[in-house]
Each structure stands twice: as structure tokens, then as C-alpha cells.
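*Asks:* Supplied in C-alpha cells, the structure appears directly below.
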Amino acid sequence: MTPNLRQLDSDSEHGDKILRCQELIDYQFKDIELLRNALTHASGASHRLASNERLEFLGDAVLGFVVCSWLYDEYPDYNEGDLTKIKSAVVSRRTCGKVACQIGLDECLIVGRGVTRNRSYPRSLVSDVFESIVAALYLDGGHQVVRERLVRWLRPEVEAAVQSQGATNYKSTLQQRAQRDIACTPQYRLKREMGPDHRKSFLISAVIDGEEFTAAWGSNKKEAEQKAAANALAEMSGEAIPFPLTEDFTVGE
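Below you can see the structure in the form of C-alpha cells.
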């Protein structure tokens with residue numbers, strides 16, 4: 011008999027829920043008591059320290075850190091304000107409760123007899139167990155274990171939040187599309203710069219898998235790259251480019 015199953019023998023009433031949860035999150039706990047506590051609402055605990063309240067406290071911090079580091083790595087062209095908006099949407103109680111139900115964690119909750127379940131548990135209760143599971147995974151398996159699962163569970167929510175910011179960040183939108191459709195990362199080519207040092211303008215084009223799209227001018231390289239990305243997105247969709255070259259700025263090769 012494995013250690014996990016031996017530990018569960020003393021609690022056959024809740025053993026099925028604990029085993030089922032491990033299947034749902036695709037992880038076998040070394041310390042099964044961590045998982046038991048993570049799933050246990052205060053109403054179902056023998057004492058408050060055996061409930062998921064302490065794990066929920068830690069899980070909130072772990073969730074925030076993992077999502078922040080993920081966004082920082084995956085969206086290098088987003089500024090602090092955009093990243094904060096995305097993170098806030100992804101770690102909200104509404105999102106945590108929604109994702110917990112999608113995983114099936116609501117079916118694994120251990121609650122007291124006084125907590126009735128008509129059609130569903132309150133969303134706040136389910137979001138709490140999501141955070142406590144995050145903490146339990148972190149304590150039992152480490153950062154990589156919890157990050158892999160959060161990326162899998164939360165990616166649709168992150169992409170939806172990113173899409174809502176995409177209108178102001180064409181580079182990230184173009185990068186996502188290029189990587190998704192042709193497994194290629196866009197490059198940006200400086201075509202021309204003009205003007206005095208204190209007032210330069212830059213002409214930059216986006217290049218994807220050897221194909222160069224219509225260049226755009228900007229008062230700095232960051233602005234020019236954003237406009238070039240917007241032009242590339244429009245051309246890829248067969249739409250009119252938003253930043254055409256005017257006669258005043260048209261340059262030869």
C-alpha cells in the first residue's frame with residue numbers, strides 16, 4: 011500500500027474526495043495532510059488550524075507571485091500598468107472561483123453538516139479552496155509544480171485579459187499571433203532615422219519569417235515598433251493599414 015493510501019485509511023469518509031482531487035490536479039501529494047487541509051472548510055475541520063484558512067493566506071501570495079512572474083516573462087512589451095490590469099483580472103475571486111469549478115474542485119470540498127449544498131457552493135468558498143490548493147501544491151511540490159498547473163488552468167483567462175489590452179499593445183498581439191500561427195517571433199527592422207538628436211524620428215518595419223510588412227514612423231523606436239506591428243496585423247488580416255507612409259516621410263531603400 012502506498013503512503014498516500016495508508017494515510018487515507020483513517021478517513022474513509024473523505025478519502026474519495028482527496029483521491030479524486032489528486033486526479034483532477036494531476037499531482038500526487040507526498041504529504042496528504044496538506045491536501046486534506048486545503049480541501050477542508052472551517053465548518054468541516056476538527057479545529058481551525060486543520061482548515062484551509064492558513065493555506066488560503068499563503069496561496070493568495072503564491073498565486074500573485076506566479077502570475078506576475080509569468081506575465082513578466084511572456085509579455086515583455088507590456089508596461090507596468092497593463093500588466094497590473096491583467097494580473098488583477100486573473101487573480102480575482104471571480105476568476106479563481108470560476109477556474110476552481112472548471113477543474114472540479116467544488117466536488118472535492120470537505121465541509122461540515124451545517125453547510126448545505128443545494129445547487130452549488132458559494133463562489134467565494136470555491137475561490138478560497140483554489141488558493142489553498144495553490145499553497146498546498148507550492149509547499150509539497152515547489153514553485154515549478156504550481157507554476158505548470160497555474161499556466162495550464164489560467165491561460166484562457168490570461169489570454170482574454172491580454173486581448174482586452176491588445177488594442178493598445180500591437181507588438182504583443184502580433185507576437186502571439188505569429189507564434190500561434192507560424193511558430194515564429196516577429197523581428198523589427200530599422201529602415202531609417204532622421205532629424206536632430208533631440209528630435210529624431212524612426213522608420214521601422216515588422217518582419218515575420220522573412221516577410222517584411224509596411225514600415226511606420228515614430229518619434230521613438232518603441233512608438234515606431236508599435237505602429238509597425240499594427241500595420242503588420244492589418245496586412246495579415248487583409249485590412250487597410252492604420253499608419254500609412256505619408257508623402258513627406260516616404261523614403262527609398
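Note that our numbering has the sequence shown beginning at 11, numbered continuously upward.
Yeah, the Cβ is synthetic: ideal placement off N, Cα and C, and Gly gets one too.
Model, not experiment: these values are computed from the prediction.
Within the segment 95-152, note down every full alpha helix (DSSP H) run reaching 4 residues or more, in order along the chain.
*Replies:* Whole alpha helix (DSSP H) segments, 4+ residues: 103-113 and 133-151.
*Asks:* Kindly list the residues whose CB is nearer than 6 Å to the CB of Leu-68, restricted to its own chain and excluding five residues on each side of it in sequence; keep chain order.
*Replies:* Ala-145
*Asks:* Locate the alpha helix (DSSP H) running through Leu-7, then write down its first and last residues.
*Replies:* Nothing can be reported for residue 7: it is not among the residues displayed for the chain, which extend from 11 to 263.
*Asks:* Under the three-state reduction of DSSP, which class applies to His-24: helix, strand or coil?
*Replies:* helix
*Asks:* Determine the burial state of Pro-206: buried for a count of at least 16 other Cβ atoms within 10 Å of its Cβ, exposed for fewer.
*Replies:* exposed
*Asks:* Exposed or buried, what is Ser-4 when buried is set at 16 or more other beta-carbons lying within 10 Å of its beta-carbon?
*Replies:* Because the chain is modelled from 11 through 263, residue 4 falls outside the range shown and cannot be assessed.
*Asks:* Report buried or exposed for Ile-28, applying the criterion of at least 16 other Cβ atoms within 10 angstroms of its Cβ.
*Replies:* buried
*Asks:* For Ala-216, which beta-bridge partners are listed by DSSP?
*Replies:* Tyr-198
*Asks:* Kindly indicate the opening and closing residues of the beta strand (DSSP E) around Ala-188.
*Replies:* Looking at the DSSP string, Ala-188 is not in any beta strand (DSSP E); the run it does join, the alpha helix (DSSP H), is 180-192.
*Asks:* Given 8 Å as the limit, is there contact between the segment 237-256 and the segment 181-199, that is, 3 or more CB pairs closer than that?
*Replies:* yes
*Asks:* I'd like to know whether the C-beta atoms of Phe-8 and Ala-226 end up nearer to each other than 7 Å.
*Replies:* Lying outside 11 to 263, the shown extent of the chain, residue 8 is not represented and no answer is given.
*Asks:* Using CA atoms only, rank isn't needed, just tell me which of Glu-90, Val-139, Trp-163 and Gly-220 is closest to Ile-192.
*Replies:* Gly-220
*Asks:* Pairs of beta-carbons, one from the segment 99-117 and one from the segment 210-218, closer than 8 Å: are there three or more?
*Replies:* no
*Asks:* Could you work out which residue in Ala-239, Arg-190, Gln-112 and Cys-111 is closest to Tyr-198 when comparing CA atoms only?
*Replies:* Ala-239
*Asks:* How far does the alpha helix (DSSP H) with Ala-226 in it reach, from first residue to last?
*Replies:* Run containing Ala-226: none in the alpha helix (DSSP H); it sits in the beta strand (DSSP E), 226-228.
*Asks:* Rank Asn-47, Thr-94 and Leu-34 by C-alpha distance to the C-alpha of Leu-149 and give the top, closest one.
*Replies:* Asn-47
*Asks:* On the DSSP bridge assignment, give the partners of Met-204 in chain order.
*Replies:* Ser-211
*Asks:* In whole angstroms, give me the CA-to-CA distance for Glu-169 and Asn-241.
*Replies:* 22 Å
*Asks:* Do you know whose CA, among His-51, Leu-255 and Ile-42, lies nearest Ser-137's CA?
*Replies:* Comparing Cα positions, the closest option is His-51.
*Asks:* What residue range does the alpha helix (DSSP H) around Ala-240 cover?
*Replies:* 231-246
*Asks:* Leaving out five residues before and five after Cys-194 in sequence, what residues of the same chain have Cβ atoms less than 8 Å from its Cβ?
*Replies:* Ala-188, Ile-218 and Asp-219
*Asks:* Between the Cα of Glu-43 and the Cα atoms of Asp-36, Leu-34 and Gly-25, which residue gives the shortest distance?
*Replies:* The option with the nearest alpha carbon to Glu-43 is Gly-25.
*Asks:* Quick check on Glu-249: does DSSP put it in helix, strand or coil?
*Replies:* coil
*Asks:* Gly-228: which of Glu-222, Leu-200 and Ala-250 sits nearest, CA to CA?
*Replies:* Leu-200
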